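Okay, so here's the structure we're looking at.
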Amino acid sequence: MSTTAPDKRITTYSPVVATTEFAALFPVFDNGDIKVYVDGEPCTNFAVSAVYVEGVSNNVKAVFAVGVTGKVEVVRHAAELGLGAL
């Protein structure tokens with residue numbers, strides 16, 4: 001038997017030039033599952049781009065109309081709540 005560490009479902013980026021698209025490198029079950037933080041502050045000014053097949057998407061992106069820089073975290077809402085991978 002092996003032990004696997006919990007997956008926090010957080011993808012982190014550090015763009016130094018204005019960037020508009022940030023992929024979530026984990027499966028997503030609903031657009032509302034995605035939260036984005038820029039430099040630690042929650043953001044709501046993004047759209048979610050995703051294609052769902054049988055209730056799951058493996059190609060989710062947070063898309064900003066205006067590029068952002070700094071520390072960008074794409075977080076699955078469950079991970080934000082400390083629930084880890086569900």
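For what it's worth, the numbering used here labels the leading residue of the sequence shown as 1, then goes sequentially. Even glycine gets a Cβ: it sits at the ideal position worked out from N, Cα and C. In this text, all values refer to a predicted model and were calculated from it rather than measured experimentally.
How about Phe22 and Val51: are their beta carbons less than 9 Å apart?
no
Phe26 and Arg9 look like a contact to me (Cβ under 8 Å); what is the Cβ gap, rounded to whole Å?
5 Å
Beta-carbon proximity list for Thr69, same chain, < 8 Å, skipping 5 on both sides
Pro15, Val16, Val17, Ala18, Thr19
Can you tell me whether Gly84 is buried or exposed, with buried defined as 16 or more other CB within 10 angstroms of its CB?
In this predicted model, Gly84 has a pLDDT of only 46, less than 50, meaning its place in the structure is not dependable; the value taken from the coordinates is given anyway. Burial call: exposed.
Which first and last residues belong to the beta strand (DSSP E) in which Gly67 is found?
61-68
Quick one: give me the first and last residue of the beta strand (DSSP E) that Val75 is part of.
72-76
So, are the CB atoms of Tyr115 and Val75 less than 9 Å apart?
Missing from the structure shown is residue 115; the chain here goes from 1 to 86 and no further.
What residues in its chain sit with their C-beta under 6 Å from that of Gly67, if we drop five residues either side in the sequence?
Ala18, Thr19, Thr20
Among all the DSSP beta bridges, which residues are the ones paired with Pro42?
Tyr37
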